[in-house]
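Note that the UniProt record's numbering has the sequence shown beginning at 1, numbered continuously upward.
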Amino acid sequence: MAIENREMLQKSREAFLEQIDRQTKKIYVCGGTGCVAGGSMEIYERLKELIEEKGLNCQVNLEKEEEGNHIGLKKSGCHGFCEMGPLLRIEPAKLLYLKVSLDDCEEIVEKSIVKDEVIDRLIYSRDGITYPVQEEIPFYKNQERIVLEDCGQIDAESIEEYIAYGGYSSLEKCLFDITPDDIVKTIYDSNLRGRGGGGFPAGRKWTQVKSQKDPIKYVVCNGDEGDPGAFMDRSIMEGDPHKMLEGMMIAGYAAGAKEGYIYVRAEYPLAVQRLDKAITDCRKYGILGKNILGTGFDFDIHIVKGAGAFVCGEGSALTTSIEGDRGMPRVKPPRTVEHGLFGKPTLLNNVETFANVPIIIKNGADWYKGIGPEKSPGTKAFALTGNIVNTGLIEVPMGTTLRHIIFDVGGGVRGGKKFKAVQIGGPSGACLTEEHLDLPLDFDSLKKAGAMIGSGGLVVMDEDTCMVEVARFFMNFTQNESCGKCVPCREGTRRMLEILEKIVAGKGEMSDLDMLEELSDTITSTALCGLGKTAANPVVSTLKYFRDEYIEHIQDKHCRTKTCQALKKIYIEPSLCKGCSLCSRVCPVDAISGKVKEPFEIDQSKCIKCGACLESCKFKAIKEA
1 MAIENREMLQ KSREAFLEQI DRQTKKIYVC GGTGCVAGGS MEIYERLKEL
51 IEEKGLNCQV NLEKEEEGNH IGLKKSGCHG FCEMGPLLRI EPAKLLYLKV
101 SLDDCEEIVE KSIVKDEVID RLIYSRDGIT YPVQEEIPFY KNQERIVLED
151 CGQIDAESIE EYIAYGGYSS LEKCLFDITP DDIVKTIYDS NLRGRGGGGF
201 PAGRKWTQVK SQKDPIKYVV CNGDEGDPGA FMDRSIMEGD PHKMLEGMMI
251 AGYAAGAKEG YIYVRAEYPL AVQRLDKAIT DCRKYGILGK NILGTGFDFD
301 IHIVKGAGAF VCGEGSALTT SIEGDRGMPR VKPPRTVEHG LFGKPTLLNN
351 VETFANVPII IKNGADWYKG IGPEKSPGTK AFALTGNIVN TGLIEVPMGT
401 TLRHIIFDVG GGVRGGKKFK AVQIGGPSGA CLTEEHLDLP LDFDSLKKAG
451 AMIGSGGLVV MDEDTCMVEV ARFFMNFTQN ESCGKCVPCR EGTRRMLEIL
501 EKIVAGKGEM SDLDMLEELS DTITSTALCG LGKTAANPVV STLKYFRDEY
551 IEHIQDKHCR TKTCQALKKI YIEPSLCKGC SLCSRVCPVD AISGKVKEPF
601 EIDQSKCIKC GACLESCKFK AIKEA
């Protein structure tokens, strides 16, 4: 049934909330991509089967006509604690079970659903302390989840549950209580900055689009999250799609647009599926389409699937791709706010930015500015990956230090190893070191350090990471993803990659470092788009902070982490060699020779560093340097 006015929306909210209140227990099975890959949906189906076998009323959808008490079984979004998945949360006890398997389901139903018992082996434990309540686990306790508040704690596929918990109340407020000018002013006064990477003030962009005289305008959401190791936007689209949609609707009303587009990469099938369902449900309830809530406001949203080109994360390339042409950046000006999608003024923000909007409208600009630094307020979601104990999706206030994120939230470097660096901002970002651990993470502080937040990927690296190889990896990614439109990016990144590959192959020269720096300056100064201008950042930062490793690779032909295959040296310690000849027999290139019962030798000119001899030696006489 369509919700035709404000009163119907409020009554629907009350009715849906009443249904939720009848659920004596609520089970939230993580339905984020990571946990789904780990078998969480099989766990969901098994729990449903077992609950019904017990004769309990298992409710998977909110239906107004259902009476009596129920067990609510829900597919939530990403809980964030990806290292410990599949995850399962039980309300009202706030229990979080970790690494749940199919074999655990029967015990969960019997002990934690039928009874109120805690299964100790499934709860989080650290340093002898157990944490049955999710919010008390250090990983969560050291965060401030605002945008991600409902991810993992709401049915990701239920518009009814979203409405019940206050969803679309900010849209309601905008349509009935304040004007479009008031909305834009609130976003402007909040100092919300775009979470897509550049940190451009959202309010300024909204003002520019609203001021355009063209009667046709568009709202576009950038869900093309292409950075290696980044999955923040994907998790929001999967876990709380309505929050982002509500932000887009508010933007459309404020700017005077009637259509919105979500550009999401096709490699995110679960995000596409949940967005599609959310949009369909919005249309069914009259929250999208013609005459929304009886106010005369018309707005609809369409999904466009991208083909996975990294460059389509750039605004003009993205809009060009939506139009059906090859996604390539345009020369600016004119900018997207003036000449965007289909040549019309376009309000373009990313997923996390739009997800912040309903929260700001609900709580006010002053409240939002009270979180984090004045010039970069609010929170930021990060994908925490790499050599760290707690990998996953996190959210912390802007201005939080790297030290807090890595050691308090992330639990420190995996295996007790020494922290070496963190790559922030993906291929457009930079590597920060131990000296930056107390640097506040906000747009301006990072810019001064030669880095950027980017979309929010944080890749932690330990002492065994080769920084030259890191630079080569990111340059390889950037070069492959270059659209080829401008010469500096197309040819410059190719030349930089060639030099880096030469260095890791042990064929580098000291003059190569000067050439890398010269090419970096040229590309940064002359590339067409923002992606090209930042392409050299990983190389620039590693040259600045880890120059000694480059010099080692070039002058000493040595990789201290033994990562670079060509620079490995495998040798036989004569005092340990018994002359058994086994190593020579397993060597595929006949690089090992000698006499039985006498020490053998490795011909370095023939050795391909395959390691077969290392594995075969029973006397540990073969070493690697």
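All C-beta atoms, glycine included, are put in the ideal place defined by N, C-alpha and C. None of these values were measured; they are calculated from a predicted model.
State yes or no: is the C-beta of residue i within less than 8 Å of the C-beta of residue j?
| i | j | result |
| --- | --- | --- |
| A156 | K75 | yes |
| C78 | S235 | yes |
| Y253 | P180 | yes |
| M232 | A381 | yes |
| D224 | V272 | no |
| Q479 | L458 | no |
| G256 | K185 | no |
| V470 | C564 | no |
| I163 | F16 | yes |
| T493 | A535 | yes |
| M475 | Q423 | no |
| M467 | A421 | yes |
Mind checking if residue i is an interface residue toward chain B, Cβ cutoff 8 Å exclusive?
| i | result |
| --- | --- |
| D590 | The structure shown contains no chain B, having only a single protein chain. |
Let me confirm a value: residue i is counted as buried when at least 16 other C-beta atoms fall within 10 Å, else exposed. Which label applies?
| i | result |
| --- | --- |
| V596 | exposed |
| G416 | exposed |
| E83 | buried |
| K25 | buried |
| A37 | exposed |
| D603 | exposed |
| W367 | exposed |
| K618 | exposed |
| E7 | exposed |
| R585 | exposed |
| M515 | exposed |
| G340 | buried |
| R274 | buried |
| G296 | exposed |
| K54 | exposed |
For residue i and residue j, I'd like the C-alpha separation in whole angstroms.
| i | j | result |
| --- | --- | --- |
| R13 | L293 | 14 Å |
| F354 | T346 | 14 Å |
| N222 | R145 | 22 Å |
| V396 | G343 | 38 Å |
| G579 | I608 | 21 Å |
| residue 637 | I570 | Absent from the structure is residue 637, since the part of the chain shown begins at 1 and ends at 625. |
| G194 | P228 | 20 Å |
| M248 | D276 | 15 Å |
| G386 | G426 | 13 Å |
| E136 | F176 | 39 Å |
| I523 | V389 | 37 Å |
| R560 | E549 | 8 Å |
| V133 | V118 | 10 Å |
| S541 | G315 | 26 Å |
| V60 | A202 | 38 Å |
| S170 | D150 | 16 Å |
| A2 | K290 | 11 Å |
| I622 | S616 | 9 Å |
| K362 | T379 | 16 Å |
| G327 | I27 | 43 Å |
| W206 | A251 | 8 Å |
| F200 | G456 | 15 Å |
What residues match up with residue i in a beta bridge as DSSP calls it?
| i | result |
| --- | --- |
| A430 | I424 |
| V460 | G386, V422 |
| T401 | P440 |
| A381 | E395 |
| R265 | G306 |
| L95 | I90, V133 |
| L73 | I27 |
| E259 | Y218, D300 |
| R13 | Per DSSP, none; premise fails for R13. |
| N349 | C221 |
| E601 | S593 |
| I250 | Beta-bridge pairing links I250 to no other residue. |
*Would the stretch 31-50 and the stretch 189-203 be scored as touching if the rule is three or more Cβ pairs under 8 Å?*
No contact exists between the stretch 31-50 and the stretch 189-203.
_Inter-stretch contact (C-beta, 8 Å, three-pair minimum) for the stretch 398-414 and the stretch 437-446_ = Yes, the stretch 398-414 touches the stretch 437-446.
_Stretch-stretch touch, CB-based, cutoff 8 Å, three pairs: the stretch 366-381 with the stretch 124-136_ = No: the two stretches stay apart, fewer than three of their Cβ pairs being nearer than 8 Å.
*Do the stretch 442-455 and the stretch 483-494 touch if we need at least three Cβ pairs shorter than 8 Å?*
At 8 Å Cβ cutoff, the stretches do not touch.
*Is the number of C-beta pairs between the stretch 84-94 and the stretch 20-35 that are closer than 8 Å three or more?*
Taking 8 Å as the limit for Cβ pairs, the verdict is that the stretch 20-35 does touch the stretch 84-94.
_Under 8 Å: do the stretch 548-555 and the stretch 494-509 share three or more Cβ pairs, one atom per stretch?_
Cβ pair count under 8 Å is three or more, so yes.
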